[in-house]
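*Asks:* The structure follows.
As structure tokens, this is what we get:
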């Protein structure tokens, strides 16, 4: 595979990928096994940051930065906010219902298999030709993303915005009692 | 004393907030926040327990007593001249002012009166301790609100007043200078001119405060309409001093019920009131009070009569039987001593009525439904000295 | 991407190492510079403080005294604190600052990494510090710390939006997210057909500059937006339990972040390293650039600290109201007008 | 209203008396109004011309006094509320240095309880002061409390500020106030026993280390220890 082409940059990329991937997996496992909700949220930060790192390795800077800004900067912070503001019981002592572990495992494995199969089926034979091509040619610069979003997919984009706005308004109406 | 429409509205709003808060208090248990005894906002060891709903105060109770020194008991075993050493430490920022009402009460019981020169100098020193005290209030309010610059200015300019007190009495903080029947010493040379200069500095500090803090939009947003105390609540709690005048009650003991022994009528000055009763009003009234105080001092400095500074009093002071109540307008408000004498060397009973005690007892009433930061501004604008609460 | 550092060809790993070292040295240095110039000298003159005017020659020893004091303090971790999170929090805050330095251009070739999405990257990583602050507030097992952390979180989120929206105006006008391109756009611009002075965006984007300055003041949790650390309310807020070296981390982070934000403001609105009269393509620009940038940073930092020493503090809800009711609509209006003008002109 | 000159200036005596008569009338009028409003509740009164007015009321009418003061008499300003323990020395002075007690031998044996202005029959008396902020005149109210039942109706229904004063009086004198639900310690620690301001409460600091008191003051030659205090050296 051409990804393993012997250039310094690619070696570095592969090493970085290995480190980040291992980190993400470990953090993901810790995320679901830890009993402390705040710790879980913090492990989520590690997972999301690692994935942002992977995006950068794939030359998708814009996606990576959006990942950091939206997921870490906003969503996880909201999680932490919610956990700290409410009186969620922290730490041990909580009796977690473990009966559903086996079905959950089955579903998780099935889901993974499905996604892996479909991705492999669709992209399996495509070769990413990285060498000698800039990100611009790969169609991943911010300008190109913006062009695609606001020209080709303008209608879906606006529909999604309206939907989110409606959801937001609805949430506020439900949450406010006075 | 008139109740303005805004006060009525504020009162109604407070009642409504009260009802709502009561409901919340019954239905959910919020977080309890313990401010103090060691907390930067309590300047001293006052403990404030606040029951919170989010950052809103459901119930807030000040708990004094961490510095109670039992002065009323101790006064019963001190001779009359010794008592002034103790009571100096009640309001430690305006120490000389603490001595005056007690000395006046003793003079009243003994039917002695200080010579005119002593009376005027006593009044000047009284006002100087007011300046030393309230100038620090101006700085402290800034510090509590996060604008620490004015705090340093206040400390800087307060030095000039303290220097004058020190030059005249020998004590920067605790002069112990007032005597039954007069004063310990006469003024040093050049003191009058130097004090005029210090008054100029204080007026400049007032201008700086007005520009830097009082006129600031953020400051106004933090204090206007916050901590509104209507006039009838204020009198019911016995609030006094600038806190009472900020509710529109035109009452100043210096002007209206000045006890014999102080010569405020030699000066031409004005008592300022403010109709709003909020934190801003209290600050504003205090600022004007400092300005008026500098004018009083300036005028009295120019009208010090010649003569002795001590009346004829016996070497060993035995106070005839009787009871006397003397209250003066101290920096923090009305400070009074109810002295019961049995013709002994020591007072039989001394009830110390300190201003902050009454002023702070209003806190549970006024902090209902406010936010935690507002507790800080309200406490700061009510202005208390811990020693004045705990005695 | 600049492959050259003063025209010396280096291997990738060597470049990376040098860049990391430069950033690692820059952070404490800049924090110290701001600390000495503004916190000690300017503040002591403005507030007539004694210590920094008197200690040592010209009062310069005050910083050494304070630094020594921090270092010899006992490292206390509260008994019931979440130890790991407690220890990690200052590092997270400092890391976010560290990452911001990556995209700061100090000259045509002096930049650690010229990302095409530079300013966007800076906004993203600066939002990371919220996580560190929340970690610190939560793990201290202290009510004041928790309140301070929550306040900081709410405040930083509320001001992220006006910050980014203010930047958008500049980005629309420059037509790029890259910091270098923004500098170039200002260098190439012209005022009423006169190109000699270029076009610093502070002229066309004065509204955005105002919003940006207000927002970074809030991001830095400085007065008048210092509710998260207000000592008279929450006694230092999220770092109330931190002592000694760990506190120093927060302290350094605060000043280094102030420097970074001042640098971003200088780059976005004042032309960054570019000086009128010096050819931006020449090697001279690489030498004059850092100096020019530094001067501009000091001007912006002066504004930041001037506000800090002048204003009293808002209340938390007033701050939120200010952000949502005034700053964000203003920023949106600014973007709209800029967008229209860019299309029309 | 302010006497300016010192007492030894003879010219102002006439002016002094004139002032006293005026204020006297004001206080007489106030006393008449108080008597009219309170009726039988007023037990005894005392006026010190030009100075103050003392009114002793019955304990039962204590709460009505507050209500009448604030709502009918215009005495709206609450000054303070406290109590006096009239138990005389030497019980109050047993912590004095022995030298002082020897020097003051006359006071060494318990004297009968003598109360102050407006009289009194009991050892404990309540003491409270209200003020009229418009007319600038104040009244000190007193009420006798029998030893077997040291309690009085609360003032907090009328004067909100009385709560802290009543708490202080409760812990310092052991006087309880019916109707004040919040009689908790204000100054003293929760487990404190005793009522410090009672005259028979020993001041332990004095017991441990006697205060030198007046012994270190050299008596002036000719200054009589029992004589009236008018003679003696001026300084």
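Chains as they are written, first to last, in the working numbering: chain A, 129 to 306; chain B, 9 to 399; chain C, 808 to 1152; chain D, 4 to 238.
C-beta: ideal position from N, C-alpha, C; glycine also.
1) Should residue 39 (chain D) go down as buried or exposed, given a rule of 16 or more other Cβ atoms within 10 Å for buried?
2) Under a three-way DSSP split, which group does residue 121 (chain B) fall into?
3) Is the beta carbon of residue 146 (chain D) closer than 8 Å to that of residue 60 (chain D)?
4) For residue 861 (chain C), decide whether its Cβ has a neighbour in chain B, counting only Cβ atoms nearer than 8 Å.
5) In whole angstroms, what separates the C-alpha of residue 857 (chain C) from that of residue 1072 (chain C)?
6) Distance check for residue 1074 (chain C) and residue 163 (chain B), CA to CA, integer angstroms please.
7) What residues from chain C crowd round residue 188 (chain A), counting only those whose CB sits closer than 9 Å?
8) Under the DSSP definition of a beta bridge, which residues are partnered with residue 55 (chain D)?
9) Which ranges does the alpha helix (DSSP H) cover as unbroken runs of at least 4 residues, wholly within the stretch 130 to 178 of chain A, from first to last along the chain?
10) If we ignore side chains and look at the alpha-carbon of each, how far apart do residue 341 (chain B) and residue 89 (chain D) end up?
11) Given this structure, state the Cα-to-Cα distance separating residue 41 (chain B) from residue 59 (chain B), to the nearest angstrom.
12) Does the stretch 169 to 180 of chain B come close enough to the stretch 130 to 142 of chain B to have 3 or more Cβ pairs within less than 8 Å?
13) Where residue 202 (chain B) and residue 208 (chain B) are concerned, what is the direct C-alpha to C-alpha distance, given to the nearest angstrom?
14) Using the Cα positions of residue 6 (chain D) and residue 117 (chain B), report the straight-line distance between them to the nearest angstrom.
15) Does residue 200 (chain A) get closer than 8 Å to chain C when you measure Cβ to Cβ?
16) What are the boundary residues of the beta strand (DSSP E) that residue 357 (chain B) is part of?
17) Does the stretch 889 to 900 of chain C come into contact with the stretch 923 to 934 of chain C, if we say contact requires no fewer than three beta-carbon pairs (one atom in each stretch) closer than 8 Å?
18) With a threshold of 7 Å on Cβ separation, who are the neighbours of residue 887 (chain C) within its own chain once the five nearest residues in sequence on each side are excluded?
19) Just mark residue 912 (chain C) as buried or exposed, buried being the case when its beta carbon has 16 or more other beta carbons within 10 Å.
20) In the structure shown, what three-state DSSP assignment does residue 980 (chain C) receive?
21) How far does the beta strand (DSSP E) with residue 206 (chain B) in it reach, from first residue to last?
22) Note down, in chain order, every chain B residue with its Cβ under 8 Å from the Cβ of residue 1033 (chain C).
23) Tell me the DSSP bridge mates of residue 146 (chain D)?
24) Measuring only the C-alpha atoms, how far is residue 82 (chain D) from residue 139 (chain B)?
25) For residue 1010 (chain C), which residues from the same chain have a beta carbon less than 6 Å from its beta carbon, with the 5 sequence-adjacent residues on both sides left out?
26) Could you pull the start and end residues of the beta strand (DSSP E) that residue 349 (chain B) belongs to?
27) Residue 1028 (chain C) touches chain B at which residues, Cβ-Cβ below 9 Å?
28) Is it buried or exposed, residue 136 (chain D), if we count other Cβ atoms within 10 angstroms and call 16 or more buried?
29) Run the CB neighbour count on residue 289 (chain A), radius 10 Å, all protein chains shown included, and call it buried at 16 or more, exposed below.
30) Can you tell me whether DSSP reads residue 66 (chain B) as helix, strand or coil?
31) Quick check: what's the CA-CA separation for residue 211 (chain A) versus residue 165 (chain A)?
32) Here's the rule: buried if 16 or more other CB atoms are within 10 angstroms of the residue's CB, otherwise exposed. What is residue 849 (chain C)?
33) Which residue marks the beginning of the alpha helix (DSSP H) containing residue 61 (chain B), and which one marks its end?
34) Pull up the distance between the alpha-carbon of residue 94 (chain D) and that of residue 204 (chain D), whole angstroms please.
35) What do you get for residue 1136 (chain C), buried or exposed, if any count of 16 or more other CB atoms within 10 angstroms of its CB means buried?
36) 8 Å is my cut-off, CB to CB: does residue 1135 (chain C) come that close to chain A?
*Replies:* Short version:
1) Its Cβ having fewer than 16 others within 10 Å, residue 39 (chain D) is exposed.
2) coil
3) yes
4) Put simply, the CB of residue 861 (chain C) is far from chain B, with every gap to its CB atoms at 8 Å or more.
5) 32 Å
6) 40 Å
7) Result: empty, since nearest Cβ-Cβ is about 11 Å, beyond 9 Å.
8) D:51
9) 136 to 161
10) One Cα belongs to residue 341 (chain B), the other to residue 89 (chain D), and the distance between them is close to 29 Å.
11) 6 Å
12) yes
13) 10 Å
14) With a pLDDT of 38 at residue 6 (chain D), under the threshold of 50, the predicted position of this residue should be treated as unreliable, though the coordinate-derived value follows. Straight-line Cα distance between these residues: approximately 15 Å.
15) yes
16) That run of the beta strand (DSSP E) goes 357 to 361.
17) no
18) 948
19) buried
20) helix
21) No beta strand (DSSP E) contains residue 206 (chain B), which is instead part of the alpha helix (DSSP H) from 199 to 217.
22) 154
23) D:60, D:129
24) 24 Å
25) none
26) 341 to 349
27) Residues of chain B passing the Cβ test: none, with the nearest at roughly 11 Å.
28) buried
29) exposed
30) strand
31) 7 Å
32) buried
33) No alpha helix (DSSP H) contains residue 61 (chain B), which is instead part of the beta strand (DSSP E) from 55 to 61.
34) Confidence at residue 94 (chain D) is low in this model, with a pLDDT of 44, below 50, so the placement of that residue is unreliable and no value is reported for it.
35) With fewer than 16 other Cβ atoms from the protein chains shown falling within 10 Å of its own Cβ, residue 1136 (chain C) counts as exposed.
36) no
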